[in-house]
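Just so you know, we're using the working numbering here: the sequence shown kicks off at 7 and counts up by one.
Quick reminder that beta carbons are idealized off the backbone N, C-alpha and C, glycines included.
Treat the numbers as computed from the prediction; the structure is a model and nothing was measured.
This report refers to the structure that appears directly beneath it.
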Amino acid sequence: MKYAFISEFAHEHSVALMCKLLGASRSGYYRFRLHIVSARATANVRLLEEIKIVHQASRGIYGSPRIHFELNKKGKPCGRHRVARLMAKDGIAAKSHRRFRVTTRQREGAIASPDLLGREFVTECAHQVWVSDITYIWTTEGWLYLAVILDLFSRTVVGWATSARIDAELVCTAFQRATERYPLRFPLIMHSDRGSQYTSAMFRALLSCQSVLVFQSNGKSCYDNAIAESFFHTIKTEGVNHEQFARRDECHGFLFDYIEVFYNQQRLHSSLGYNTPMQMLQEIINTQAA
Numbered sequence: 007m008k009y010a011f012i013s014e015f016a017h018e019h020s021v022a023l024m025c026k027l028l029g030a031s032r033s034g035y036y037r038f039r040l041h042i043v044s045a046r047a048t049a050n051v052r053l054l055e056e057i058k059i060v061h062q063a064s065r066g067i068y069g070s071p072r073i074h075f076e077l078n079k080k081g082k083p084c085g086r087h088r089v090a091r092l093m094a095k096d097g098i099a100a101k102s103h104r105r106f107r108v109t110t111r112q113r114e115g116a117i118a119s120p121d122l123l124g125r126e127f128v129t130e131c132a133h134q135v136w137v138s139d140i141t142y143i144w145t146t147e148g149w150l151y152l153a154v155i156l157d158l159f160s161r162t163v164v165g166w167a168t169s170a171r172i173d174a175e176l177v178c179t180a181f182q183r184a185t186e187r188y189p190l191r192f193p194l195i196m197h198s199d200r201g202s203q204y205t206s207a208m209f210r211a212l213l214s215c216q217s218v219l220v221f222q223s224n225g226k227s228c229y230d231n232a233i234a235e236s237f238f239h240t241i242k243t244e245g246v247n248h249e250q251f252a253r254r255d256e257c258h259g260f261l262f263d264y265i266e267v268f269y270n271q272q273r274l275h276s277s278l279g280y281n282t283p284m285q286m287l288q289e290i291i292n293t294q295a296a
């Protein structure tokens, strides 16, 4: 107890003076300090191993905030700054980000729907608003185009499709897969940009059969469709940009693993309170059943 007291106030008073007043040995105090440092170092080694496990499980994607959250969730309490410090010292970092470019372009003379969301990307329930967009990925065989549909509430990828062609059939396939997995029971808002695929007669006819309301961004900024753009930024910087694909089917397999296994089921989202998309969907299902 004496040594702990001296250690606590060592930055305010002379160690020699406190040892004398308390009748403590200076050499004993320094042995005590050495023991504390050694115990802390041992604890840091153990914590670093846990950090590496979480970082590896995240496919190298998580930075210190998500790793800190995951460790505490697993019953391994630690400070966020301590996690960040240990990661920096050991050279552990999240995969680097690169700038992302918008892909789809509005077709001349296309009849677009009004943008009634107005960048207010908030909803109180799942399957009220779906957002969609298209991006492209390079393979040795040529471009592979990816269309996704996300649920605004949970950020779940509810439907997606790939193709060697960027056409209306691509987005129609993604939407059909979404409705096969999540049959529509309530009126749905479909939000996208004004690319030719989304303003096509084929896509509009498909949505009309489902009585879906179509809202589209005004085309002035990528932020008008920010949720879909954010997803593409995520999948590019966390996955695609770190791979080289020889064939389109190889790329499709990678996307299946990332979207269905990792993104929907495992990836923690800070915007969702560090829940996964599927956890958010299950939460709303449990609430409705209660």
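Practice item. Take the Cβ of F159 as the centre, count every other Cβ of all protein chains shown within 10 Å, and call the residue buried at 16 or more, exposed below. Key: Looking up residue 159 in the sequence shown gives position 153. So F159 counts as buried.
Check your understanding: Which residues in the same chain have their Cβ closer than 8 Å to the Cβ of E14, if we skip the five residues on either side of it in sequence?
Key -> If you number the sequence shown from 1, residue 14 lands on position 8. Correct list: empty, nothing qualifies.
Practice item. Whole angstroms is fine: what's the gap from H197's alpha carbon to T179's? Key: Residue numbering aside, residue 197 sits at position 191 when the sequence shown is read from its first letter. Residue numbering aside, residue 179 sits at position 173 when the sequence shown is read from its first letter. Between H197 and T179, the C-alpha separation is close to 16 Å.
Exercise for review: Mind checking which residues open and close the beta strand (DSSP E) that includes V153?
Suggested key: What you label residue 153 is simply residue 147 of the sequence shown in a count that begins at 1. Residue 153 is actually Ala in this sequence, not Val. It spans 148-157 - the beta strand (DSSP E) in which A153 sits, taken as one unbroken run.
Review point. In angstroms, rounded to a whole number, what distance separates the CA positions of A167 and A99?
Key: Along the sequence shown, read from residue 1 onward, the residue named residue 167 stands at position 161. Along the sequence shown, read from residue 1 onward, the residue named residue 99 stands at position 93. Their backbone Cα atoms lie some 31 Å apart in a straight line.
**Study point:** For L297, the three-state DSSP class (helix, strand or coil)
**Key:** Nothing can be reported for residue 297: it is not among the residues displayed for the chain, which extend from 7 to 296.
Practice item. Confirm, please, whether the CB-CB distance from L194 to W136 is below 8 Å. Key: If you number the sequence shown from 1, residue 136 lands on position 130. If you number the sequence shown from 1, residue 194 lands on position 188. Between W136 and L194, the gap from beta carbon to beta carbon is short of 8 Å.
**Study point:** Spatially closest choice to Q309 from C215, E244, G81, F192, by CA coordinates
**Key:** Not covered by the structure: residue 309. The range shown for the chain is 7 to 296.
Practice item. Can you grab the Cα-Cα spacing for the pair A132 / E55, in whole Å? Key: Locating residue 132 in the sequence shown gives position 126, where the first residue counts as 1. Locating residue 55 in the sequence shown gives position 49, where the first residue counts as 1. Rounded to whole angstroms, A132 to E55 spans 38 Å at the Cα level.
Review point. Can you tell me whether R273 is buried or exposed, with buried defined as 16 or more other CB within 10 angstroms of its CB?
Key: Locating residue 273 in the sequence shown gives position 267, counting from the first residue. Classification for R273: buried.
Exercise for review: State the CB to CB distance for the pair S276 and P71, rounded to an integer number of angstroms; the pair is presumed to be in contact (CB under 8 Å).
Suggested key: Residue numbering aside, residue 276 sits at position 270 when the sequence shown is read from its first letter. Residue numbering aside, residue 71 sits at position 65 when the sequence shown is read from its first letter. Rounded, the Cβ-Cβ distance is 7 Å, consistent with contact.
Check your understanding: Which one or two residues does DSSP pair with S138 in a beta bridge?
Key -> Counting from 1 along the sequence shown, the entry for residue 138 is found at position 132. When beta bridges are read from the DSSP output, S138 appears opposite I155.
Practice item. Assign G165 to one of three DSSP states: helix, strand, or coil. Key: Position 159 of the sequence shown holds residue 165. Look at G165 here: in three-state DSSP terms it is strand.
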